[in-house]
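Trainee: Using numbering that gives the first Met the number 0, you'd call the opening residue of the sequence shown number 0 and step up by one each time.
We put the beta carbon where it would ideally sit given N, CA and C, even for glycine.
Here it is, the structure, as structure tokens.
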Amino acid sequence: MIDTASHETHTATPVVLTATFGPKRDGNAWSFRAMRSRLTRRDQSLYPKLSFSIGLAILCAVVLAAMILSRAWNDFAEARQNHYDIQYFRQVLDTANLISAERGPANDVMSDRTDAALKRLAEFRTRSDTALAALAAMPEVPVLLHDHPIPPELLGAVTESLAAARAKVDRAATVQGGQARLKAMQEAIEAMFEVSDNFRAVTTARANQLIGHDSGLSEPVLIGQMLADLREFGGRIASEVIAPMASHQPIPLENIIDARRDQGRIYQIWHMLRGQTALNAMPDLARNQAAIDRLFFGVGMDMVNAIIKQGKDSSDYPMTATELTRSFVPTMKSVEDYRTAFLDNTVSRVAMERDAALRLLVIVALATSIVLAVLVGVLLSVRRDVFRPLLQAHEEVIGLAEDRPLVARRDSGSAGEMTRLFDAIDILQDRMRERASLTSELRLQAETDGLTGALNRRTLDYIAQNGRDGLPADDALALIMVDLDHFKSINDTYGHLAGDRVLIETARLLTREAPIDCVVARFGGEEFALLLSRADLDQAGRLAETIRSKLQNHRFMLSDGQQISVTASFGVACGQRGPRDWRHLVERADKALYRAKSDGRNRVSIASAVLARRAGVKDLQRRRA
């Protein structure tokens, strides 16, 4: 053993080293490269010209096809975007309708606070909240489409005003007394009007976005807004008289003026809608127009007019506020049915335009693809059937000559001559694979020890003398000679199979403990060698001591279950790479090993011829070999 300072234990993954002996085939490789260069120059005389001509023709055909397809694609993309936009705009209009419809049950609760009225109001509020939340959420925009997001501040204003209006409705429902109740209900109703006014800004913003994207959507968008206003202001007319009726007070002049103004608006809107001849041509809309004239503008408006006439100077109304709400709301269903039918028809029409554009796109794409495919097929037939097989055969032959792996073979063509050519190349490839396999096996047998799998003495000599991995010839080396102590007694006591097992495990232990760039070899018999590049004597000595300690503590398991301990003696020396220096290095390491064995075995001995130059640097116990 050596007396050293704290030393490290180097563990690393084993390295597989392969040395090639004998002269390299530089001359053969040069001749292959020269031949390949000449053949390549010949191929390039015609192949680039043919490829350029074919590529130019294909490029022209592709450009022409792209020009035709781009127009069809733009039409389809625009129709698809319009379908998405009109569906989202319908969602906005539906939300506006839900907010307006919430006034009906709110009027009922303020007029007569019953459990049924409260339950109905809660349901309508939930529907409004759900619709507003859906608008505020980020929509899932389909691929290749864009969205026109609603400004958050607009929705925020609607949400805030809606919460305030609902609070006023709830408070008005609890107020008793004539004038106090009238004032509270009127404030709540006007607050609900304000919510609808705020949401009209959302509808207008969305409409402007759609029309700005495609002016073709202006007609359905504007008509949709007009129908939303028809329903909104139609409902406001009845709401103007609800508060006086519920509080048993005459209708204030301001309410009458607002009601008449709203009537003027809806009559003007309806006059403009009836003037749209395209709407009258649709059977569903024509039927709904008649229902609106009969129910809403007939029964509904007559009912409101009678209430206003009676309530100008008297609070003796012909019906209660709850009865008015329940009688007037059904007349507005015809307006909602008309709006729904119009939106359904608009979405269906835009969807048909999208589908028609898609069909046209598919037809144009198929037609241009067929024409392009025929053209490309004609242009590539010569290249595919003649030039490509020949060039592929040329590449495979050169690849075999240069020992390169062949790529997966493409179709060699239907010609029998090409098939026979590639069959011959396959036969040649199989023969060369067999030769390479045999060469690899022979090289493995020549470079490694058959029992332990470590490198053999011949490989170790070659690496030490000639270097590897581009290391210079004068690279500094450190050699550690390892000799198992009393190995013959193991063979005599436990048998040669046990001795072989000890040798195998020892080789594994050495490989495991050695640095990654260390060469581990079986030197002969029970001797092993570790060769380190660019390592000084201190490093080699510490490594030897580490391995000695590991080996001493290792237990070798025999086939019969017995465990035995084995020790080893180590000789360490340093030198230079090269044939002459290698012989001297082996001699010094062998002498150091002999000294370790003569001093009692199971210890590390360092060649003093090298250590003398390092005296005073490390406090080591040295012995002259």
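Quick check: the region 257-272 against the region 224-231, are at least 3 beta-carbon pairs closer than 8 angstroms?
Mentor: yes
Trainee: Isoleucine 397: which of Arg521, Met417, Gln428 sits nearest, CA to CA?
Mentor: Start at 1 with the first residue of the sequence shown, and residue 397 comes out as number 398. Closest by C-alpha distance to isoleucine 397, out of Arg521, Met417, Gln428, is Gln428.
Trainee: Which two residues bound the contiguous alpha helix (DSSP H) that contains phenylalanine 123?
Mentor: The count along the sequence shown starts at 1 and reaches residue 123 at position 124. Where phenylalanine 123 is concerned, the enclosing alpha helix (DSSP H) stretches over 114-135.
Trainee: Name the two residues that bound the continuous beta strand (DSSP E) containing alanine 166.
Mentor: Along the sequence shown, read from residue 1 onward, the residue named residue 166 stands at position 167. It is not in any beta strand (DSSP E) - alanine 166 instead sits in the alpha helix (DSSP H) that spans 151-171.
Trainee: Which residue marks the beginning of the beta strand (DSSP E) containing alanine 482, and which one marks its end?
Mentor: Reading the sequence shown from its first residue, position 483 is the one you call residue 482. One detail in the question is off: residue 482 reads as aspartate in this sequence, not alanine. 475-483 is the extent of the beta strand (DSSP E) around aspartate 482.
Trainee: Whole angstroms are fine: how far does the CA of leucine 278 sit from the CA of glycine 234?
Mentor: To locate residue 234, count along the sequence shown from 1; it is residue 235. To locate residue 278, count along the sequence shown from 1; it is residue 279. Approximately 23 angstroms between the Cα atoms of the pair.
Trainee: So, for alanine 305: in the same chain, excluding its five sequence neighbours on each side, which residues have a beta-carbon less than 8 angstroms away from its beta-carbon?
Mentor: Working through the sequence shown from its first residue, we reach residue 305 at position 306. Once the five neighbours on either side are set aside, the close Cβ partners of alanine 305 are Pro317.
Trainee: Is it right to say glutamate 253 is buried, meaning 16 or more other beta carbons lie within 10 angstroms of its own, or is it exposed?
Mentor: Here residue 253 corresponds to residue number 254 of the sequence shown, with the count starting at 1. A residue is called buried once 16 or more other Cβ atoms fall within 10 Å of its Cβ, and glutamate 253, having fewer, is exposed.
Trainee: Is there contact between the region 335-352 and the region 249-263, where contact requires at least three CB pairs shorter than 8 angstroms?
Mentor: Contact between the region 335-352 and the region 249-263 is absent, because fewer than three Cβ pairs lie under 8 angstroms.
Trainee: Within 10 angstroms of its Cβ, does valine 377 collect 16 or more other Cβ (buried), or is it exposed?
Mentor: Numbered from 1 along the sequence shown, position 378 holds the residue referred to as residue 377. Valine 377 should be labelled exposed.
Trainee: Cutting at 8 angstroms between CB atoms, please list the residues of its own chain near phenylalanine 327, excluding the five before and the five after it.
Mentor: Within the sequence shown, numbered from 1, the residue matching residue 327 stands at position 328. Excluding sequence neighbours, phenylalanine 327 sits near Ala237, Gly299, Met302, Val303.
Trainee: Closest to tyrosine 493 by C-alpha separation, out of Phe527, Gln562, Ile291, Leu531, would be which residue?
Mentor: For the purposes of this step, residue 493 is taken as the residue at position 494 of the sequence shown. For the residues Phe527, Gln562, Ile291, Leu531, the minimum Cα distance to tyrosine 493 belongs to Gln562.
Trainee: Compute the beta-carbon to beta-carbon distance between arginine 594 and alanine 572, rounded to the nearest angstrom, for a pair I have assumed lies under 8 angstroms.
Mentor: Taking the first residue of the sequence shown as position 1, residue 594 is located at position 595. Taking the first residue of the sequence shown as position 1, residue 572 is located at position 573. Not quite, the Cβ-Cβ distance comes to about 11 angstroms (not below 8 angstroms), so this is no contact.
Trainee: Taking only the alpha-carbon atoms, compute the straight-line gap between proline 578 and glutamine 464 and give it to the nearest angstrom.
Mentor: Sequence index remark: in the sequence shown, residue 578 carries index 579 (1-based). Sequence index remark: in the sequence shown, residue 464 carries index 465 (1-based). When rounded, the distance between both Cα atoms is 5 angstroms.
Trainee: Bridge partners for glutamine 575 per DSSP, in chain order?
Mentor: On the sequence shown, residue 575 is found 576 positions in, with the first residue counted as 1. In the DSSP output, where bridge partners are listed per residue, glutamine 575 has Ala475.
Trainee: Only counting runs of 3 or more residues, tell me where the beta strand (DSSP E) segments fall wholly within the region 480-536, in order along the chain.
Mentor: 518-523, 526-532
Trainee: Going by DSSP, which residues form a beta bridge with leucine 454?
Mentor: Walking along the sequence shown from the start, residue 454 turns up at place 455. Within the DSSP bridge table, the entry for leucine 454 names Thr447, Ala520 as partners.
Trainee: Does the distance from the CB of valine 91 to the CB of threonine 202 come in under 8 angstroms?
Mentor: By 1-based counting over the sequence shown, the position of residue 91 is 92. By 1-based counting over the sequence shown, the position of residue 202 is 203. Yes, the Cβ-Cβ distance between valine 91 and threonine 202 is below 8 angstroms.
Trainee: Could you please give the first and the last residue of the uninterrupted alpha helix (DSSP H) stretch that includes serine 195?
Mentor: Sequence index remark: in the sequence shown, residue 195 carries index 196 (1-based). For serine 195, the uninterrupted alpha helix (DSSP H) segment begins and ends at 177-212.
Trainee: Hey, is the region 168-187 in contact with the region 106-118, meaning 3+ C-beta pairs nearer than 8 angstroms?
Mentor: Three or more Cβ pairs closer than 8 angstroms define a contact, and the region 168-187 meets that threshold against the region 106-118.
Trainee: Can you tell me where the alpha helix (DSSP H) with glutamine 626 in it begins and where it stops?
Mentor: Outside the shown range of the chain, which is 0 to 624, sits residue 626, and nothing can be said about it.
Trainee: By the DSSP assignment, the beta strand (DSSP E) with isoleucine 241 in it spans what residues?
Mentor: Locating residue 241 in the sequence shown gives position 242, counting from the first residue. From DSSP, isoleucine 241 is part of no beta strand (DSSP E) but of the alpha helix (DSSP H) over 217-245.
Trainee: Apply the 10 Å Cβ neighbour rule to isoleucine 605 and answer buried if 16 or more other Cβ atoms are within range, or exposed otherwise.
Mentor: As a working note, residue 605 is residue 606 in the sequence shown. Counting Cβ neighbours within 10 Å, isoleucine 605 comes out buried, since at least 16 surround it.
Trainee: Closest by CA to arginine 260, which one among Pro243, Pro249, Ile250, Glu239?
Mentor: Translated into the one-based positions of the sequence shown, residue 260 becomes position 261. The residue with the shortest Cα to Cα distance from arginine 260 is Glu239.
Trainee: Does the separation of the CB atoms of valine 634 and leucine 454 fall below 8 angstroms?
Mentor: Because the chain spans 0 through 624 in this model, residue 634 falls outside it and cannot be assessed.
Trainee: Would you mind working out which of Ser69, Arg383, Ile307, Leu342 sits nearest leucine 357, comparing C-alpha positions?
Mentor: Here residue 357 corresponds to residue number 358 of the sequence shown, with the count starting at 1. Of the listed residues, the one whose Cα sits closest to leucine 357 is Ser69.
Trainee: Can you look up glycine 570 in the DSSP assignment and give me helix, strand or coil?
Mentor: Translated into the one-based positions of the sequence shown, residue 570 becomes position 571. In this structure, glycine 570 counts as strand in the three-state DSSP scheme.
Trainee: What first and last residue would you give for the beta strand (DSSP E) that runs through glutamine 562?
Mentor: In the sequence shown, residue 562 corresponds to position 563, counting from 1. Looking at the DSSP string, the run of the beta strand (DSSP E) that includes glutamine 562 is 562-564.
Trainee: Taking DSSP as the reference, what is the three-state secondary structure of alanine 289?
Mentor: For the purposes of this step, residue 289 is identified with residue 290 of the sequence shown, where counting begins at 1. Note: alanine 289 maps to helix in three-state DSSP.
Trainee: Only counting the same chain, and skipping five residues up and downstream in sequence, which positions put a Cβ closer than 6 angstroms to that of threonine 566?
Mentor: Here residue 566 is taken as the residue at index 567 of the sequence shown, counted from 1. These residues qualify, in order along the chain: Asp484, Gln551, Asn601.
Trainee: So arginine 383 is in the beta strand (DSSP E); what residue range does that whole segment cover?
Mentor: On the sequence shown, position 384 is the one that residue 383 refers to. Per DSSP, arginine 383 belongs to no beta strand (DSSP E) and is neither H nor E.
Trainee: Please return the same chain residues whose Cβ sits closer than 8 angstroms to the Cβ of histidine 553, not counting the five positions on each side in sequence.
Mentor: The residue labelled residue 553 in the question sits at position 554 within the sequence shown. Result list for histidine 553: Glu504, Leu508, Ser564, Val565, in chain order.
Trainee: Between which residues of its own chain and isoleucine 241 is the CB-CB distance below 6 angstroms, once the five residues before and five after are set aside?
Mentor: Numbered from its first residue, the sequence shown carries residue 241 at position 242. For isoleucine 241, where only same-chain residues beyond five positions count, the Cβ hits under 6 angstroms are Asn106, Ala320.
Trainee: In whole angstroms, what is the alpha-carbon distance linking aspartate 460 and phenylalanine 555?
Mentor: Translated into positions along the sequence shown, residue 460 becomes position 461. Translated into positions along the sequence shown, residue 555 becomes position 556. Approximately 30 angstroms between the Cα atoms of the pair.
Trainee: Given 8 angstroms as the limit, is there contact between the region 198-215 and the region 52-70, that is, 3 or more CB pairs closer than that?
Mentor: no
Trainee: Could you tell me how far apart the beta carbons of arginine 89 and valine 346 are, in whole angstroms, since I believe they sit closer than 8 angstroms?
Mentor: Along the sequence shown, read from residue 1 onward, the residue named residue 89 stands at position 90. Along the sequence shown, read from residue 1 onward, the residue named residue 346 stands at position 347. Right, the Cβ-Cβ distance comes to about 6 angstroms (below 8 angstroms), so this counts as a contact.
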